[in-house]
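So the structure is just underneath, and the comments pick up after that.
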Amino acid sequence: AAAAGLTVAEVTGSNVVSVAEDELMRILILVRNFLPGHHQVISGEWNVAGVAYRAYDLEGKTVGTVGCGRIGKLLLQRLKPFNCNLLYHDRVKMDPQLEKETGAKFEEDLDTMLPKCDIVVVNTPLTEKTRGMFDKDRIAKMKKGVLIVNNARGAIMDTQAVVDACSSGHIAGYSGDVWNPQPAPKDHPWRYMPNQAMTPHVSGTTIDAQLRYAAGVKDMLDRYFKGEDFPVQNYIVKAGELAPQYR
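Sequential numbering of the sequence shown, starting at 49, is according to this note's numbering.
Below is the structure:
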């Protein structure tokens, strides 16, 4: 688009609340070992011990977000009432007031943060630098029994490394709605690996988010036909120039 001199825009932030809430849900599903209990109901079983032996409280656990943009910040705010130890890794520190509000601690080095975490949430964009960043070696640095939530991009993870770690129990639970590739083929190994709570790519498509999409698109169309600029944060490419936040 930039090379062709086009303008590309989006309704920025329209689904960030939806995704952050979904991440919190997935954390709780994994921590409380919810899915085996649900499967028991469907299959007519009743085995409390079969669920409880891997069910924990979220309180007191260390949760780290890899990337702390809009979604990461909203997640930290939502985790605050659970009395977790909150860590975040990003290129820059968040606003001091928000850091104080959430109680989250900045970790400059990712590989220093990861071994501290009971739960790791991936909130970083997919770039050439982050593609495959969670490979076999990096996963091995995490705590045995770590829980991982990834609603960012599937390609940030090494697919087979995740399968192997879930199979060995090094990853005790993996949940997300992003795959590599998408749509996920029927034989994608994440469909069949143990200790997973995967879904299709649905975290940002709530009815409320769709209403925000629609309102934002209408606003931009109205502005376009009036010859007005879009809100500055909505631009990805403007008249062939990449927006500053993407450079």
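Each residue gets a CB set at the ideal place from its N, CA and C atoms; glycine is no exception.
- Query: Okay, do the segment 114-125 and the segment 95-105 touch, 3+ Cβ pairs below 8 Å being the bar?
  - Reply: In this structure the segment 114-125 does not touch the segment 95-105; the number of beta carbon pairs closer than 8 Å is below three.
- Task: Specify the secondary structure class of E289 as computed by DSSP and reduced to three states.
- Result: In this structure, E289 counts as strand in the three-state DSSP scheme.
- At what residue ranges does the segment 101-177 contain a whole run of the beta strand (DSSP E), taking only runs of 3 or more? Every beta strand (DSSP E) of 3 residues or more that sits fully in the segment 101-177 is shown, in chain order, as 110-114, 133-137, 167-170.
- Thinking just about the alpha-carbon of each residue, which of L269, C165, G221, P237 is nearest to the one in Q244? Distance from the Cα of Q244 is smallest, within the candidate group L269, C165, G221, P237, for G221.
- Query: Measuring CA to CA, which of A213, V59, L54, A52 is closest to A263?
  - Reply: In this structure, V59 is the residue among A213, V59, L54, A52 with its C-alpha nearest to the C-alpha of A263.
- Message: So, at 7 Å on beta carbons, what are the nonlocal neighbours of L146 in its own chain, with the 5 sequence-adjacent residues on each side left out?
- Response: Counting only residues of its own chain and dropping the five nearest sequence neighbours on each side, L146 has a CB closer than 7 Å to the CB of K121.
- Which runs of the beta strand (DSSP E), 3 residues or longer, sit entirely within the segment 201-263? Fully enclosed beta strand (DSSP E) runs of 3 or longer: 219-224, 244-246.
- Message: Taking the beta strand (DSSP E) that V194 belongs to, which residues open and close that run?
- Response: Taken as a continuous stretch (DSSP letters only), the beta strand (DSSP E) holding V194 covers 194-198.
- Item | Endpoints, alpha helix (DSSP H) assigned at R186 | Per DSSP, R186 belongs to the alpha helix (DSSP H) from 184-188.
- Task: Output the distance between the C-alpha atoms of G252 and E93, rounded to the nearest integer angstrom.
- Result: If you draw a straight line from the Cα of G252 to the Cα of E93, it comes to about 34 Å.
- With a CB to CB cut of under 6 Å and the five nearest residues on each side skipped, what residues in its chain are close to D166? For D166, where only same-chain residues beyond five positions count, the Cβ hits under 6 Å are K109, T110.
- Take every Cβ of the segment 77-92, pair it with every Cβ of the segment 144-164, and state whether three or more of those distances are shorter than 8 Å. Below 8 Å, too few C-beta pairs join the segment 77-92 and the segment 144-164 to call them touching: fewer than three.
- Task: Taking A152 and L174 to be in contact with their CB atoms under 8 Å, please state how far apart those CB atoms are, rounded to whole angstroms.
- Result: Actually they do not touch by this definition, with Cβ atoms about 23 Å apart.
- Cβ shell of T254 (< 6 Å), same chain only, five flanking positions each side left out: Result list for T254: S66, in chain order.
- So D206 and F182 are in contact, right, with Cβ under 8 Å, and what is the actual spacing, rounded? With a contact defined as Cβ atoms closer than 8 Å, D206 and F182 qualify at about 6 Å.
- Message: Pop quiz: M142 and V168 are said to be a contact at Cβ under 8 Å. What is the actual Cβ separation, rounded to whole angstroms?
- Response: Rounded, the Cβ-Cβ distance is 18 Å, inconsistent with contact.
- Cβ distance (whole Å) where G224 is taken to contact M246 below 8 Å: That belief holds up - the Cβ atoms of G224 and M246 are roughly 6 Å apart, short of 8 Å.
- Assigned secondary structure, D49 (DSSP; H/G/I helix, E/B strand, else coil): One point to set straight first is that residue 49 is Ala, not Asp, in the sequence displayed. In the structure shown, the three-state DSSP call for A49 is coil.
- Item | Residue from H86, Y136, G85, R74 whose Cα sits closest to the Cα of L106 | Cα-wise, what sits closest to L106 is R74.
- Identity of the residue in G112, V140, P233, P242 nearest K128 by Cα: Its Cα nearest to that of K128, the residue G112 stands out among G112, V140, P233, P242.
- Message: On the CB-based measure, 16 or more other CB atoms within 10 Å of its CB, does Y136 come out buried or exposed?
- Response: With a 10 Å radius around the Cβ and a threshold of 16 neighbouring Cβ atoms, Y136 comes out buried.
- Query: Any idea what DSSP makes of V56, helix, strand or coil?
  - Reply: It is a strand residue.
- For the alpha helix (DSSP H) that contains S91, what are its first and last residues? Unbroken alpha helix (DSSP H) run through S91: 82-91.
- Task: Out of N63, N133, I196, H86, point me to the one whose CA is closest to R260's CA.
- Result: Of N63, N133, I196, H86, the residue nearest in Cα terms is N63.
- Query: Among residues of its own chain, excluding the 5 on either side of R239, which ones have a beta-carbon nearer than 8 Å to its beta-carbon?
  - Reply: For R239, where only same-chain residues beyond five positions count, the Cβ hits under 8 Å are A232, M246.
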